[in-house]
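First residue of the sequence shown: 291, per my numbering; consecutive thereafter.
Here is the structure we will look at.
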Amino acid sequence: KELANIAYQNATELIKKHIKTNDYTLAREIQEMFGLNNLPLTIEIFDNSHLFGSNPVGAMVVWENKEFNKAKYRHMHLQNINDYDQMKQMLTHRAKSFDKSSAPDLWIIDGGDALLNLANEIIKSSGANVDIIAISKEKIDAKAHRAKGKANDKIYTNIGKFSLNSNDIKLQFIQRLRDEAHRFAITFHQKTRHKSDLQSSELISLGVSKGSVIKLINYFGNFENIQNASFDEIKKVTNKSVAQKIKEKFCN
Numbered sequence: 291k292e293l294a295n296i297a298y299q300n301a302t303e304l305i306k307k308h309i310k311t312n313d314y315t316l317a318r319e320i321q322e323m324f325g326l327n328n329l330p331l332t333i334e335i336f337d338n339s340h341l342f343g344s345n346p347v348g349a350m351v352v353w354e355n356k357e358f359n360k361a362k363y364r365h366m367h368l369q370n371i372n373d374y375d376q377m378k379q380m381l382t383h384r385a386k387s388f389d390k391s392s393a394p395d396l397w398i399i400d401g402g403d404a405l406l407n408l409a410n411e412i413i414k415s416s417g418a419n420v421d422i423i424a425i426s427k428e429k430i431d432a433k434a435h436r437a438k439g440k441a442n443d444k445i446y447t448n449i450g451k452f453s454l455n456s457n458d459i460k461l462q463f464i465q466r467l468r469d470e471a472h473r474f475a476i477t478f479h480q481k482t483r484h485k486s487d488l489q490s491s492e493l494i495s496l497g498v499s500k501g502s503v504i505k506l507i508n509y510f511g512n513f514e515n516i517q518n519a520s521f522d523e524i525k526k527v528t529n530k531s532v533a534q535k536i537k538e539k540f541c542n
């Protein structure tokens with residue numbers, strides 16, 4: 291017990307020294323290297339997830355006070371089928387909420403030059419002071435390569451493009467944030483897809499073909515909108531027979 295107490299006291303002192311000597315060191319290094327206006331203490335990281343364009347969702351995770359703040363994580367269903375428009379919808383939605391939830395110091399976007407420019411436009415129009423970094427996954431045989439601490443991802447900023455060594459702690463930190471956003475997006479997408487599969491099965495059991503279900507989802511975005519759509523709206527997307535089956539099911 292005496293040895294354990296000594297070890298505990300030593301560890302406590304080492305932690306205190308570490309905090310004093312390393313307080314915001316990494317944040318300052320990131321700020322200096324990437325030419326950021328703000329010291330990146332509060333960071334919001336964004337990613338999207340879909341499967342061949344179906345059930346697109348967006349996710350935002352938050353890093354503040356040197357840890358992930360899961361209470362501030364957010365996700366949303368997206369309407370668009372391409373990555374650019376999906377990210378536009380999500381970033382625009384977040385920017386509009388700055389008056390209710392303060393803007394962060396930094397946005398990290400999963401993407402390259404195009405999404406960096408998009409985020410810059412949205413921030414500029416919002417009037418907020420938010421720095422932006424985009425991180426693009428290393429491509430191997432045209433496929434995104436994920437390997438923590440090993441992938442040579444590219445970082446895009448307003449002062450240029452960076453290719454850091456895979457052992458660089460700044461790159462590893464940004465990868466860690468990006469991977470957490472990706473994990474959160476994937477988890478929400480899987481839940482959404484499971485619910486969507488169940489709802490698709492329900493429509494198919496009514497005699498609606500898989501092709502018609504896909505058309506309806508692509509047009510209305512989700513099953514709630516299909517249920518609330520009028521007979522004529524559903525008929526326009528599919529046909530009279532499908533519209534009758536759906537309205538008979540959900541109007542009773």
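From the three backbone atoms N, C-alpha and C, an ideal C-beta is built for every residue, glycine too.
Only a predicted model underlies this, so the values are computations on that prediction, with no experimental measurement involved.
The distance from the Cβ of Ile398 to that of Leu406 is about 10 angstroms, inconsistent with a contact at the 8 angstroms cut-off.
Taken atom to atom, the span from the alpha-carbon of Leu461 to that of Asp421 is near 17 angstroms. Rounded to the nearest angstrom, the Cβ distance from Val347 to Met366 is 7 angstroms, consistent with a contact under 8 angstroms.
Per the coordinates, the alpha-carbon of Asn410 lies some 10 angstroms from the alpha-carbon of Ala404. C-alpha of Ile335 to C-alpha of Gly497: approximately 42 angstroms in a straight line. In the three-state scheme derived from DSSP, where H, G and I count as helix and E and B as strand, Asp403 is classed as helix.
With 16 or more other Cβ atoms inside 10 Å of its own Cβ, Ser502 counts as buried.
Membership of Ser502 in the alpha helix (DSSP H) is indicated by the continuous run Lys500 to Phe510. By the CB criterion at 9 angstroms, Ile459 and Ile445 fall outside the cutoff. In the same chain as Leu316, and ignoring 5 residues on each side of it, the C-beta atoms closer than 8 angstroms to its own belong to Ile459, Lys460 and Phe463, in chain order.
Less than 9 angstroms separates the beta-carbon of Leu368 from that of Asn338. A direct Cα-to-Cα measurement between Ala385 and Ala349 gives close to 14 angstroms.
Secondary structure in the segment 352-404: the alpha helix (DSSP H) runs of 4 residues or longer, each lying completely within the stretch, are 373-385 in chain order.
At least 9 angstroms separates the beta-carbon of Thr382 from that of Trp353.
Counting every other CB atom within 10 Å of its CB across the protein chains shown gives Gln299 a total below 16, marking it as exposed.
Residue range Gly450 to Phe452 is occupied by the beta strand (DSSP E) that includes Lys451, with no alpha helix (DSSP H) assigned at that position. Look at Thr528 here: in three-state DSSP terms it is coil, with no helix or strand label. If you look at Ala418, you'll find it isn't in any beta strand (DSSP E); DSSP assigns it neither H nor E. Taking 9 angstroms as the cut-off, the beta carbon of Asp375 is found no closer than this to the beta carbon of Gly401. Under the DSSP definition of a beta bridge, Ser339 partners with Val347.
Within the model, the alpha-carbon separation for Asp522 versus Leu454 is close to 56 angstroms.
Around the Cβ of Leu304, a 10 Å sphere holds fewer than 16 other Cβ atoms; the residue is exposed.
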